[in-house]
Amino acid sequence: MLSRLSLIAILTTLTSASPLIKRAPAFKLHPAGDKTLCLGVPTGTTPGDGTPLYNIPCASAATGFEIAKGDNQVVRLTGTNFCLDAGSNPMDGGPAKLWTCYPGLANQRWYYTDDNHIAITGGTVCLDGAGGGCGLGGCAPGTKTCGNARGQTWTAEAVGSTPPPPPTTTPPPTTTPPPTTTPPPTTTPPSNQPDIKLIHPNGDNSQCLTLGARSPSDGTLVLFGACDTQSTRFSANQFWDINKGDGQIKLRGSNYCLDAGSNPGNGIELKVWTCYPGVPQQQWYYSQSFDIAITGGTQCMDLKREDGRTAQTWTCSGGNPQQVFTTGPPLFL
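When the letters of the sequence shown are read in order and numbered with mature numbering (1 follows the signal peptide of the UniProt record, and there is no 0), they come out as residues -17 to -1, 1 to 316.
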């Protein structure tokens, strides 16, 4: 039989032990409802203290965070002991990164609201989809003063969820052959015309990304110049096949693609090169925030501030007007 002192010692140990933290289910977190992007780290990146988080294509990211509506002691990257962390002084413009989980630590404690904001519990900042700059095929999250911006909404989708199967259809009866007297109606085949657009710097429709020579060849530089308002034989030098999301950016009617060079870095001028599918320096992500980032990198297309003409790569920074590019239809084809 336990002595009274032994019993007191056991009770003291039990009451002083750390409380068990209930693990929340794992969810993919989509920024601003964009289900093509997920909060996470690139596949192949080993999570650790200080690992930055990005909004990148879900297929190329280690995603899944343990989060529930309401107050979360931590928001853990599933399968690890690393949690969403806002830094020691959560503030407007602060980082969003991974750090060893410490349940209840102020910079790791998040409140997931009913309107899909993820806010520091008891604080004034929220996780913002573009608060930390752009790159890796999308924008890096950071902390911003909580508000109504769409970029501060995060949609949770259960990890492992799959789209519903396609509806089953009833095959046509085989007993009655189709009539042969009336030919089937002719249909117009779908157009294979690429989505051709002009690329403008930050909404300036008078300026267009253009080839820096009369005709393309490997290494021909591109730059921003006056949009061609009259149909000439060089007009197509401003026509680009570009779509939102991941892919190459091709010069219309050619096999030349926008290329950042084999070692993209700050101040490297952009050029065209023969298109090679899957080559990293030709793989671009045109995001909902209108930045054009190298997929899998941290460099973005950038308009050189000093001359307003040079198209170059530079470290992505969300909201930088030199890295905002809008598109519009050609004035003529």
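We put the CB at the ideal spot given by N, CA and C, even for glycine.
Review point. Which whole-angstrom value describes the C-beta separation of P30 and T63, a residue pair presumed to lie in contact below a C-beta threshold of 8 Å?
Key: The residue given as residue 30 occupies position 47 in the sequence shown. The residue given as residue 63 occupies position 80 in the sequence shown. Cβ-Cβ separation between P30 and T63: approximately 5 Å, consistent with a contact (criterion under 8 Å).
Point to revise | Cut-off 8 Å between Cβ atoms - residues of its own chain near P313, not counting five sequence neighbours on either side | key: Translated into positions along the sequence shown, residue 313 becomes position 330. Closer than 8 Å at the Cβ level, and outside the excluded window around P313, lie I179, K180, L181, S218, Q221, F222.
Point to revise | DSSP three-state assignment for Q306, whether helix, strand or coil | key: Along the sequence shown, one-based indexing puts residue 306 at 323. Helix.
Point to revise | Contact belief for I275 with P247 at Cβ below 8 Å, rounded distance in angstroms | key: Along the sequence shown, read from residue 1 onward, the residue named residue 275 stands at position 292. Along the sequence shown, read from residue 1 onward, the residue named residue 247 stands at position 264. Rounded, the Cβ-Cβ distance is 12 Å, inconsistent with contact.
Review point. What is the C-beta distance between C84 and C66, in whole angstroms, given that I count them as a contact (C-beta under 8 Å)?
Key: Sequence index remark: in the sequence shown, residue 84 carries index 101 (1-based). Sequence index remark: in the sequence shown, residue 66 carries index 83 (1-based). Yes, they are in contact, since the Cβ atoms of C84 and C66 sit about 4 Å apart, within 8 Å.
Review point. Run through DSSP, which three-state label would C41 get?
Key: One-based indexing of the sequence shown puts residue 41 at position 58. Looking at C41 - three-state DSSP - the assignment turns out to be helix.
Point to revise | Sequence-distant residues of the same chain with beta carbon closer than 7 Å to L206, five excluded per side | key: In the sequence shown, counting from the first residue as 1, residue 206 sits at position 223. Counting only Cβ-Cβ distances below 7 Å, and skipping sequence neighbours, we find T193, G195, R292, T293, A294.
Check your understanding: Run through DSSP, which three-state label would G248 get?
Key -> What you label residue 248 is simply residue 265 of the sequence shown in a count that begins at 1. In the three-state scheme derived from DSSP, where H, G and I count as helix and E and B as strand, G248 is classed as coil.
Point to revise | Runs of beta strand (DSSP E) lying entirely within the stretch 245 to 298, each at least 3 residues, in chain order | key: Segments of the beta strand (DSSP E) lying fully in the stretch 245 to 298: 254 to 257, 267 to 269, 275 to 277, 282 to 286, 294 to 298.
**Study point:** Cα-Cα separation, T126 to L253
**Key:** Position 143 of the sequence shown, counting from 1, holds the residue named residue 126. Position 270 of the sequence shown, counting from 1, holds the residue named residue 253. So the alpha carbons of these two residues sit roughly 32 Å apart.
Exercise for review: Can you give me the Cβ contacts of Q282 inside the same chain, cut-off strictly under 6 Å, excluding the 5 residues immediately before and after it?
Suggested key: For the purposes of this step, residue 282 is taken as the residue at position 299 of the sequence shown. For Q282, where only same-chain residues beyond five positions count, the Cβ hits under 6 Å are P247, T296.
Practice item. Rank N55, A89, R59, Q56 by C-alpha distance to the C-alpha of G70 and give the top, closest one. Key: By 1-based counting over the sequence shown, the position of residue 70 is 87. Answer by Cα proximity: A89.
Check your understanding: Of all the options D68, C240, F273, which has the alpha carbon lying nearest to the alpha carbon of P35?
Key -> Position 52 of the sequence shown, counting from 1, holds the residue named residue 35. Nearest option by C-alpha distance: D68.
Check your understanding: In the DSSP assignment, what residue or residues form a beta bridge with A9?
Key -> As a first step, residue 9 must be located in the sequence shown, where it is residue number 26. A9 pairs with E49.
**Study point:** Beta-carbon spacing of K233, D242 below 8 Å
**Key:** Here residue 233 refers to the residue found at position 250 when the sequence shown is read from its first residue. Here residue 242 refers to the residue found at position 259 when the sequence shown is read from its first residue. Cβ atoms of K233 and D242: not closer than 8 Å.
Check your understanding: For the candidate residues T28, D17, I50, whose alpha-carbon lies nearest to that of A7?
Key -> Within the sequence shown, residue 7 is the residue found at index 24, counting from 1. Looking only at T28, D17, I50, the smallest Cα-Cα distance to A7 is reached by I50.
Point to revise | Buried versus exposed call for S270 [16 or more other C-beta atoms within 10 Å across all chains shown] | key: Taking the sequence shown and counting its residues from 1, the one referred to as residue 270 is at position 287. Buried is the call here.
Check your understanding: Can you find a C-beta in chain B that's less than 8 Å from the C-beta of M284?
Key -> Protein chain content of the structure displayed is limited to a single chain, and chain B is not contained in it.
Point to revise | Spatial distance of G53 from Q231 (CA atoms) | key: Residue mapping note: residue 53 aligns to position 70 of the sequence shown, counting from 1. Residue mapping note: residue 231 aligns to position 248 of the sequence shown, counting from 1. Approximately 41 Å, taken between the alpha carbons.
Point to revise | D201 - containing beta strand (DSSP E), residue span | key: Taking the first residue of the sequence shown as 1, we reach residue 201 at position 218. That residue, D201, is in no beta strand (DSSP E); it is neither H nor E in DSSP.
Check your understanding: Do you know how far the Cα of T257 is from the Cα of P266?
Key -> On the sequence shown, residue 266 is found 283 positions in, with the first residue counted as 1. On the sequence shown, residue 257 is found 274 positions in, with the first residue counted as 1. The residue asked about is misnamed: residue 266 is Gln in this sequence, not Pro. Linking Q266 to T257 through their CA atoms gives a straight-line distance of about 13 Å.
Exercise for review: Quick one: residues in its chain with C-beta nearer than 7 Å to the C-beta of S245, no 5 flanking neighbours on either side, listed in chain order?
Suggested key: Here residue 245 is taken as the residue at index 262 of the sequence shown, counted from 1. The residues are Q264.
Point to revise | M74 to D17 span [Cα, whole Å] | key: Your numbering for residue 74 matches position 91 in the sequence shown. Your numbering for residue 17 matches position 34 in the sequence shown. Cα to Cα, M74 sits roughly 25 Å from D17.
Point to revise | Residue interval of the beta strand (DSSP E) (run including residue 376) | key: Only positions -17 to 316 of the chain appear in this structure, which leaves residue 376 out of reach.
Practice item. Determine the burial state of G134: buried for a count of at least 16 other Cβ atoms within 10 Å of its Cβ, exposed for fewer. Key: Mapped onto the sequence shown, residue 134 falls at position 151. Result: buried.
Practice item. For A219, name the three-state secondary structure that DSSP assigns. Key: Reading the sequence shown from its first residue, position 236 is the one you call residue 219. A219: helix per DSSP, three-state reduction.
Practice item. Quickly, what does DSSP pair I225 with across the bridge? List them, please. Key: Numbered from 1 along the sequence shown, position 242 holds the residue referred to as residue 225. Note: I225 sits in no beta bridge, so no partner.
Review point. Excluding sequence positions up to five away, which residues of its chain have a Cβ less than 6 Å from the Cβ of residue 389?
Key: Only positions -17 to 316 of the chain appear in this structure, which leaves residue 389 out of reach.
Practice item. Just the C-alpha distance for Y268 and G76, rounded to the nearest angstrom, thanks. Key: In the sequence shown, residue 268 corresponds to position 285, counting from 1. In the sequence shown, residue 76 corresponds to position 93, counting from 1. Taking the straight line from one Cα to the other gives about 23 Å.
**Study point:** Counted within 10 angstroms of its Cβ, other Cβ atoms place R59 as buried (16 or more) or exposed
**Key:** Reading the sequence shown from its first residue, position 76 is the one you call residue 59. The residue is buried, with at least 16 neighbouring Cβ atoms inside 10 Å.
Review point. Assuming N131 contacts Y95 under a Cβ cut-off of 8 Å, what Cβ separation, rounded to an integer in Å, is found between them?
Key: For the purposes of this step, residue 131 is taken as the residue at position 148 of the sequence shown. For the purposes of this step, residue 95 is taken as the residue at position 112 of the sequence shown. The beta carbons of N131 and Y95 sit about 17 Å from each other, so the pair does not count as a contact at 8 Å.
Practice item. Quick one: which unbroken beta strand (DSSP E) runs of 3-plus residues sit fully inside the stretch 27 to 111? Chain order, please. Key: 37 to 40, 53 to 55, 65 to 68, 80 to 83, 93 to 95, 101 to 103, 108 to 111
Exercise for review: Use the C-beta contact count for N38: other C-beta atoms within 10 angstroms, 16 or more gives buried, fewer gives exposed.
Suggested key: As a first step, residue 38 must be located in the sequence shown, where it is residue number 55. Classification for N38: buried.
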